[in-house]
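So for the sequence shown, my numbering puts the first residue at 6; every next one is plus one. Don't be surprised by glycine CBs; every beta carbon is placed ideally from N, CA and C. Here the structure comes first, spelled out in structure tokens, and everything after it is commentary.
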Amino acid sequence: MTATIDTPTSEDAPVETFDSLNPSNGDVVGSYPIASKADVDAAVARSREAASWWGNLSFDERAEHLLTWRSVITRRIAQLADLSHRETGKPHGDAQLEIVLAIDHIAWAAKHAKKVLGSHKVKSGLLMANQASTVEYKALGVVGVIGPWNYPVFTPMGSIAYALAAGNTVVFKPSEYTPGVGQWLADTFTEVVHGRPVLQVVTGLGATGNALCTAAVDKLAFTGSGATGKKVMAACAENLTPVIIEAGGKDSLIVDEDADISKAAEAALWGGMSNAGQTCIGTERVYVHEKVFDSFMTEILEQAKDLRAGADQGAKIGPITMPSQLKVIKSHLDDAVAKGANVVLGGPGAVGERFVQPTILTHVPENSTEITEETFGPTLAINPVKSMDEAVELTNATAYGLAGAVFSKKQGVEIARRVRSGMTSVNSVIAFAGVPTLPFGGVGQSGFGRIHGPDGLKEFTYAKSITRQKFKPIMMLTSFSRDAKTDGKVASLITLMHGGKKTLK
Ligand code: NAD
Numbered sequence: 006m007t008a009t010i011d012t013p014t015s016e017d018a019p020v021e022t023f024d025s026l027n028p029s030n031g032d033v034v035g036s037y038p039i040a041s042k043a044d045v046d047a048a049v050a051r052s053r054e055a056a057s058w059w060g061n062l063s064f065d066e067r068a069e070h071l072l073t074w075r076s077v078i079t080r081r082i083a084q085l086a087d088l089s090h091r092e093t094g095k096p097h098g099d100a101q102l103e104i105v106l107a108i109d110h111i112a113w114a115a116k117h118a119k120k121v122l123g124s125h126k127v128k129s130g131l132l133m134a135n136q137a138s139t140v141e142y143k144a145l146g147v148v149g150v151i152g153p154w155n156y157p158v159f160t161p162m163g164s165i166a167y168a169l170a171a172g173n174t175v176v177f178k179p180s181e182y183t184p185g186v187g188q189w190l191a192d193t194f195t196e197v198v199h200g201r202p203v204l205q206v207v208t209g210l211g212a213t214g215n216a217l218c219t220a221a222v223d224k225l226a227f228t229g230s231g232a233t234g235k236k237v238m239a240a241c242a243e244n245l246t247p248v249i250i251e252a253g254g255k256d257s258l259i260v261d262e263d264a265d266i267s268k269a270a271e272a273a274l275w276g277g278m279s280n281a282g283q284t285c286i287g288t289e290r291v292y293v294h295e296k297v298f299d300s301f302m303t304e305i306l307e308q309a310k311d312l313r314a315g316a317d318q319g320a321k322i323g324p325i326t327m328p329s330q331l332k333v334i335k336s337h338l339d340d341a342v343a344k345g346a347n348v349v350l351g352g353p354g355a356v357g358e359r360f361v362q363p364t365i366l367t368h369v370p371e372n373s374t375e376i377t378e379e380t381f382g383p384t385l386a387i388n389p390v391k392s393m394d395e396a397v398e399l400t401n402a403t404a405y406g407l408a409g410a411v412f413s414k415k416q417g418v419e420i421a422r423r424v425r426s427g428m429t430s431v432n433s434v435i436a437f438a439g440v441p442t443l444p445f446g447g448v449g450q451s452g453f454g455r456i457h458g459p460d461g462l463k464e465f466t467y468a469k470s471i472t473r474q475k476f477k478p479i480m481m482l483t484s485f486s487r488d489a490k491t492d493g494k495v496a497s498l499i500t501l502m503h504g505g506k507k508t509l510k
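Spelled out as structure tokens, the structure:
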């Protein structure tokens, strides 16, 4: 995958490159340089210089640039979707949908940064009544973003757009499977903000990502596997660089006895199979109330009838983007079958050389890897449960905690609250990802930190608190001139304020 070429820009040494390949047929989509540690350091240094310009623009000026960029992406959506289709293999429509959501996030971040991050007055309290207090959220400086390949626009944009809107500059290391998409984003941004390296891309493999972690950026936003997330944290620890980790999941979709079975089946099928199951917030497990299990299975198998993976127009499922994942998918299916799962569609034999045909297993033992580990393929493990208590318990019996869905007419929200995960959709799948005001992120092995919404903007800032003395204090407490009489008054005041038994009511 890697090569060495002479480029007109390199006077000293040839630049090492790597190819991005079309996973449907192995064709080379493009060749990109492997950025060295020195290249990454230089990009971060340029970014720091640009940060003093970008960070000093007003929120409105930055919003203007970001909204222009949003319009450029929107007008060229077909071009970007085609590039994403060629690099990831996903169908054009799916590639477009991902970009649509990302565009909406850029607009939201641009329009709301001022309100969320600008200076706010806060109450000073009785003890400090002579102070006017404000809090504002300041940009950190340079943010490093490391992205995955499965949603090469939507996923990194959750960090890039919010970090930029907050006043930071960004150095982005896209996945080695989708460098073209990353470069396209940076190139279009440069068309809007000429001559200022506010958003730069460094392409390369894991070592380039590692170089970004150790380049003394002010925050590192990582999206990818938990295993790499641990390496990222360890590398960032060297400079005490704070990190956001958006890692994998093993989300469940819970179906209650009063659910709309047809809609629940439609959602489970799409949640599990779309993007060939390569979705961090995709449905991997389904827990169905035993009273409706049979009708749910009849419905989902009927809906799955014509669904297939392939590279032709009629195929709604694309290839497995990362060839090494094929082995993981096969091993999970083999493990489930060996432990006693029923194959009702596809099965271990559905794993081909580039494509995996839709696979549904039922009665999958809870100790099989198909239940305990992220499969990242078009497979669903569907198990009956006696009650919603059992569905919640099994859902939560995983080290992950990213997202999930609940289908129930009466108690959807109550069940959703009991699921230990960052996000849950009731009576739909992944709806939260398209709501720009909602924070996005997980707990446990799914990571920490939040992108999107006000929390996502604040994630790329630090809080700055300011007090301004409005008038002389009635009692001067912060002075060596404070006497015993004042100490007595302070004791009386605090007793008056907090010494009683008064509760919230
Ligand atoms: P990955 O961990 O293999 O790679 C992610 C990125 O990290 C790539 O850009 C890669 O080059 C880089 N990298 C590799 N080694 C590195 C190192 N030592 N230091 C720094 N960077 C390094 O993940 P992937 O296969 O690209 O993505 C799939 C995973 O991402 C799945 O687990 C999926 O669930 C997860 N994901 C999570 C979210 C979320 O928001 N929680 C979103 C999308 C994908």
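Contacts around residue i, its chain only, beta-carbon distance under 7 angstroms, and the 5 residues preceding and following it disregarded
i: Asn-347; result: Leu-366, Thr-367, His-368
i: Ala-273; result: Leu-258, Thr-288, Val-291, Ile-305, Leu-385
i: Val-33; result: Asp-24, Leu-26
i: Ile-82; result: Gln-101, Ile-104
Cα-Cα separation between residue i and residue j, rounded to whole angstroms
i: Ala-56; j: Phe-476; result: 37 angstroms
i: Ala-496; j: His-503; result: 10 angstroms
i: Pro-441; j: His-125; result: 22 angstroms
i: Ile-471; j: Pro-478; result: 17 angstroms
i: Ala-252; j: Leu-131; result: 44 angstroms
i: Gly-461; j: Glu-66; result: 20 angstroms
i: Gly-231; j: Ser-451; result: 7 angstroms
i: Asp-492; j: Lys-507; result: 24 angstroms
i: Gly-149; j: Lys-415; result: 44 angstroms
i: Val-198; j: Pro-28; result: 33 angstroms
i: Trp-58; j: Gly-439; result: 31 angstroms
i: Pro-4; j: Gly-31; result: The structure shown does not extend to residue 4, since the chain is modelled only from 6 to 510, so the question has no answer here.
i: Pro-153; j: Pro-161; result: 8 angstroms
i: Arg-80; j: Leu-204; result: 20 angstroms
i: Thr-260; j: Asp-24; result: Strictly speaking, residue 260 in this sequence is Val, with Thr absent from that position. Between Val-260 and Asp-24, the C-alpha separation is close to 44 angstroms.
i: Ala-114; j: Leu-169; result: 9 angstroms
i: Phe-360; j: Lys-332; result: 12 angstroms
i: Asp-311; j: Glu-358; result: 21 angstroms
i: Val-424; j: Val-397; result: 6 angstroms
i: Asp-109; j: Arg-75; result: 8 angstroms
i: Met-238; j: Ala-221; result: 13 angstroms
Beta-carbon contacts of residue i that lie in its chain and below 8 angstroms, excluding the five residues immediately before and after
i: Tyr-467; result: Tyr-142, Lys-143, Leu-145
i: Glu-262; result: His-294, Lys-296, Val-297
i: Thr-519; result: The structure shown has nothing for residue 519, since the chain only spans 6 to 510.
For residue i, the three-state DSSP class (helix, strand or coil)
i: Gln-308; result: helix
i: Arg-290; result: strand
i: Lys-128; result: coil
i: Pro-353; result: helix
i: Arg-80; result: helix
i: Asp-256; result: coil
i: Ile-499; result: helix
i: Arg-473; result: strand
i: Ala-118; result: helix
i: Ile-456; result: strand
i: Phe-227; result: strand
i: Val-424; result: coil
i: Gln-101; result: helix
i: Pro-389; result: strand
i: Lys-414; result: coil
i: Asp-465; result: Per the sequence shown, the amino acid found at residue 465 is Phe instead of Asp. Coil.
i: Asn-347; result: strand
i: Leu-106; result: helix
i: Gln-330; result: helix
i: Thr-491; result: helix
i: Lys-178; result: strand
i: Thr-377; result: helix
Near the ligand COA: residue i beta-carbon under 7 angstroms from a heavy atom
i: Tyr-37; result: Among the ligands modelled here, namely the ligand NAD, the ligand COA does not occur.
Cβ-Cβ separation, residue j to residue i (assumed contact under 8 angstroms), whole Å
i: Phe-227; j: Val-248; result: 6 angstroms
i: Lys-119; j: Ile-151; result: The Cβ separation is near 28 angstroms, so there is no contact.
i: Lys-116; j: Ala-47; result: About 33 angstroms separates the two Cβ atoms, so there is no contact after all.
i: Gly-323; j: Lys-95; result: 5 angstroms
i: Val-512; j: Ile-420; result: This structure does not reach residue 512, given that the chain is present from 6 up to 510, and the question cannot be answered.
i: Val-121; j: Pro-459; result: 4 angstroms
i: Ala-240; j: Cys-218; result: 4 angstroms
i: Val-49; j: Val-175; result: Val-49 to Val-175, Cβ: 10 angstroms. No contact.
Beta-carbon proximity list for residue i, same chain, < 6 angstroms, skipping 5 on both sides
i: Arg-51; result: Pro-202
i: Ser-164; result: Val-150, Ala-226, Ile-456
i: Val-390; result: Tyr-292, Ala-396
Could you tell me which whole alpha helix (DSSP H) segments of length 4 or greater appear in the region 12-64? 42-59
Quick check on the DSSP output: what are the complete beta strand (DSSP E) runs of length 3 or more inside the region 181-240, in order along the chain? 204-206, 224-228
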